[in-house]
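Numbering (this note's numbering), first residue to last: 546 to 649.
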């Protein structure tokens, strides 16, 4: 995830505020970590698919509550702004799915 952060930072260096990019990666990393801990701790007690689905819903809620208002301040949601959240989201999702496979 750090390698992709560095590449992403380099690709959009002059276009966006750098702090929001780092916040996006940090928040997504923390959400993936929390999701993994939840999946691991409840692997024998609850349905893992429900917990996995809830973590995905929580990530989208974080996007719409925190990132979307910041990106939509000028009434235009640019492609670069959209990708600030969804590149780390999809990387985290791939990591989450891989760890989900090992838990099953």
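Built from N, CA and C at the ideal position, the CB exists for glycine as well.
Residue 603 versus 626, 576, 589, 615, residue with shortest Cα-Cα distance: Here residue 603 is taken as the residue at index 58 of the chain shown, counted from 1. Looking at the Cα atoms, 576 is the closest of the given residues.
Reduced DSSP category for residue 592 - H, G, I as helix; E, B as strand; rest coil: Taking the first residue of the chain shown as position 1, residue 592 is located at position 47. If DSSP states are grouped into helix, strand and coil, residue 592 belongs with coil.
Limits of the unbroken alpha helix (DSSP H) element including residue 644: Working through the chain shown from its first residue, we reach residue 644 at position 99. It spans 624 to 648 - the alpha helix (DSSP H) in which residue 644 sits, taken as one unbroken run.
Classification of residue 598 by the beta-carbon crowding that lies within 10 angstroms, buried from 16 upward: Reading the chain shown from its first residue, position 53 is the one you call residue 598. By the neighbour-count rule (16 or more Cβ atoms within 10 Å), residue 598 is not buried but exposed.
Validate contact between the region 632 to 647 and the region 578 to 586 using beta carbons, cut 8 Å, 3 pairs: The region 632 to 647, when compared against the region 578 to 586, does touch it at the 8 Å Cβ threshold.
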